[in-house]
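S.K.:
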Amino acid sequence: GGAGFIGSNFVLHALTTHPDWRITTLDKLTYAGRMENLRDVMNDPRHRFVQGDVTDAAVAGPLVRDAEIIVHFAA
């Protein structure tokens, strides 16, 4: 997910190189997802973190409806 090694580095890179982007990170925070991986972006007003499961329609549904682009890093 977005708080794993690859996902969190994508989020950091995207926010660094695209100042007009807003990013929502969804992660279940299990074995690989760690909040400390997102520490450099947690105070960025363009970033929002949501803890949840991508397979939970109640969580993912509203996020998908509001998204222009979806990048999937969940295992």
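Letter 32 of the sequence shown, counting from 1, is numbered 176 in the numbering used here, and no numbers are missing.
Positions of the beta carbon are idealized from the N, C-alpha and C atoms, including for glycine.
Remember, predicted model here, so these are calculated numbers, not experimental data.
What is the DSSP secondary structure of T161, counted as helix, strand or coil?
M.R.: On the sequence shown, position 17 is the one that residue 161 refers to. Residue state, collapsed to three classes: helix.
S.K.: Report the rounded CA-to-CA distance for G151 versus V208, giving the unit in angstroms.
M.R.: For this step, residue 151 is matched to residue 7 along the sequence shown. For this step, residue 208 is matched to residue 64 along the sequence shown. One C-alpha to the other measures close to 17 Å.
S.K.: Which same chain residues end up closer than 8 Å to D188 when comparing Cβ atoms and leaving out the 5 residues on each side of it in sequence?
M.R.: Here residue 188 refers to the residue found at position 44 of the sequence shown. Within the same chain, D188 has close Cβ partners L159.
S.K.: CA-CA distance, H162 and R190?
M.R.: Working through the sequence shown from its first residue, we reach residue 162 at position 18. Working through the sequence shown from its first residue, we reach residue 190 at position 46. Each residue's alpha carbon lies about 10 Å from the other.
S.K.: So which of F217, A219, R192 has the shortest CA-CA distance to W165?
M.R.: Taking the sequence shown and counting its residues from 1, one reaches residue 165 at position 21. Nearest C-alpha to W165: R192.
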